[in-house]
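Read through the structure below, which is laid out as structure tokens, and then see the notes.
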Amino acid sequence: MQYRTLPRLNTKVSALGFGTMRLPTVGGVEAQIDEAQAAEMLACAIDHGVNYVDTGYPYHGGASEPFVGRVLAEGYRDKVLLAAKMPTWAVNDPSDFDRYLDEQLRRLRTDHFDFYLLHCLHAGVWARLRALGIREWMERAKGDGRFAHLGFSFHDSAQTFRQILDDYDWPLCQIQYNYMNEDFQAGTDGLRYAASRGVAVVVMEPLQGGGLARLPEPAPALFDRAGCTRAPADLALQWLWHKPEVSLVLSGMSSMEQVRQNIASAATSAAGSLTPRELALIADIRQVLEAMRRIPCTGCRYCMPCPHGVDIPLNFRLYNDAQSFGPNSALLSRNLYQMTPPATRSSACEGCGECEDKCPQGIGIAAWHKRVHKEFTA
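Residue numbers (the numbering used here): 812 to 1189.
Printed below as a string of structure tokens:
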């Protein structure tokens, strides 16, 4: 296993972190974790040097935290850095801060978290939490030892990411990032900005919900043409580790095979490790995948701003990802759509047509908004 040092914290973390949102289940039932298989996977990862375990209050219908707590209690807790997340969407009163933190500590059978993240921050949530006194509470809860370090996971624009980063002395953040997401949410700009401020960056969704491990035709043929023997998943992971700004890559593994493959990938990871030919291959793959998108939106933003507040490129990006990268990515896009402020969703489209007059691609934007909303709410 390779390790990286978190800026400012002087803490070594494994290049690969274990995310517990996509554990194997019994009969495909989300809340019924296959505990025997999942426990073996988590133990294998830790035994091979993975020292960062991430969980969240809603994962597996609430079953992830208690499961992780049971596994770590079997002699593994002191071997890992444990990251949990406050369910920010459920916080409506200042008393909820302590209530959820204490509940999560009990569920995970520990007296402290190494990292406690504010889950799914976007502009509206951060403003609400600030009004409830989150900043003062964070200092108090850290001071009494219930968590060592604070952070946040993020789903909003690059501009909002900068604003939240600048609003508090965060030691760590978690962003969705992969070679198809360079200009999505925090993106490459946000990654570099965080690093410039000495903030550790944990990457989630490195394989776009598994879609970058199962590339559709004709993308696989590009590997042969480039003489690349890496597996698609390995190439996507190495692209992230190639970047020195990335502190750790979280993978939500759902089989022992994935655990072993990702451990092997992490063992060969290093900043600046990809060759020019491999970087060119990734650029070619990205071009092929972009060309396959259902809605021919290029993200040029000529359509913006929408007079009614709809974030047109974001909605179309979520829809295209859902259609292109398989069921896990479709579920991710659906969740992200539902976390997006209602005023910016496709459902807020009034059909005025102003955006269609500006679109260089001639997209029937209003009609597509109806399909997008139906896709994510049916």
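Note that the Cβ used here is the ideal one computed from N, Cα and C, for glycine as well. All figures in this text were calculated on a predicted structure; none of them were measured in a lab.
Cα-Cα, which of the options is closest to residue i?
i       : options                            : result
Gln987  : Ile1106, Gly1009, Ala850, Ser1140  : Ser1140
Gln974  : Phe926, Gly886, Lys890, Arg1008    : Arg1008
Ala847  : Val824, His1119, Val879, Asn862    : Val879
Val824  : Ala1077, Ala1032, Phe1034, Gly873  : Ala1077
Asp907  : Lys890, Arg920, Trp948             : Trp948
Gln843  : Trp981, Ala826, Glu876, Glu1089    : Glu876
Ala934  : Cys1039, Arg1036, Pro1153          : Pro1153
Ala997  : Leu892, Ala952, Val1057, Asp955    : Val1057
Ala1044 : Gln1072, Ala1005, Ala849, Thr831   : Gln1072
Ala1005 : Arg1025, Thr866, Pro982            : Pro982
Trp937  : Phe972, Asn992, Arg1156            : Phe972
Arg1003 : Leu976, Glu1028, Leu1026           : Leu976
Ser1065 : Pro1027, His871, Leu820            : His871
Met1103 : Pro1116, Ala1133, Gly828           : Ala1133
Asp909  : Cys931, Gly956, Val891, Leu883     : Gly956
Val1183 : Glu1165, Cys1166, Gln1149, Gln1172 : Gln1149
Leu940  : Arg1041, Pro1138, Pro905, Ser1158  : Pro905
Val882  : Leu853, Asn862, Leu1090, Asp865    : Leu853
Leu932  : Lys896, Thr921, Lys953             : Lys896
Since residue i contacts residue j with CB under 8 Å, what's their CB separation in whole angstroms?
i       : j       : result
Ile1093 : Leu1046 : 7 Å
Cys1170 : Tyr1113 : 6 Å
Pro835  : Tyr868  : 20 Å between Cβ atoms; not a contact.
Gln985  : Val1013 : 4 Å
Leu893  : Leu916  : Not quite, the Cβ-Cβ distance comes to about 10 Å (not below 8 Å), so this is no contact.
Met832  : Gly1063 : 5 Å
Tell me the DSSP bridge mates of residue i?
i      : result
Arg815 : Val824
Gln987 : Met1015
Asp865 : Gly830, Ala894
Phe958 : Phe924
Ser964 : Gln985
Ile844 : Thr836
According to DSSP, is residue i part of a helix, a strand, or is it coil?
i       : result
Ala1042 : coil
Met1150 : helix
Leu1018 : coil
Gln768  : As displayed, the chain neither begins before 812 nor continues past 1189, which places residue 768 out of reach and without an answer.
Lys1169 : helix
Phe1136 : coil
Cys931  : strand
His1197 : Within the shown structure, residues of the chain are numbered from 812 to 1189, placing residue 1197 beyond reach of any answer.
Ser1062 : strand
Thr836  : strand
Ile1096 : helix
Ile945  : helix
Ile1123 : helix
Ile1174 : coil
Ser1157 : helix
Leu1033 : helix
Met1115 : coil
Arg1105 : coil
Asn903  : coil
Glu1028 : coil
Val1010 : coil
Tyr976  : In the sequence under discussion, the amino acid at residue 976 is Leu, which differs from the Tyr named in the question. Three-state result, Leu976: helix.
Glu950  : helix
Cys1163 : coil
Decide if the stretch 958–976 is in contact with the stretch 911–926; the criterion is three or more beta carbon pairs, one per stretch, under 8 Å apart.
-> yes
contact_flag[the stretch 1052–1059, the stretch 1080–1088] where n(CB pairs < 8 Å) is 3 or more = yes
Does the stretch 886–897 touch the stretch 849–859, meaning 3 or more C-beta pairs lie closer than 8 Å?
-> yes
Does the stretch 1017–1029 come close enough to the stretch 964–971 that 3 or more CB-CB pairs lie under 8 Å?
-> no
Just checking, does the stretch 1170–1188 make contact with the stretch 1109–1125 on the three C-beta pairs under 8 Å criterion?
-> yes
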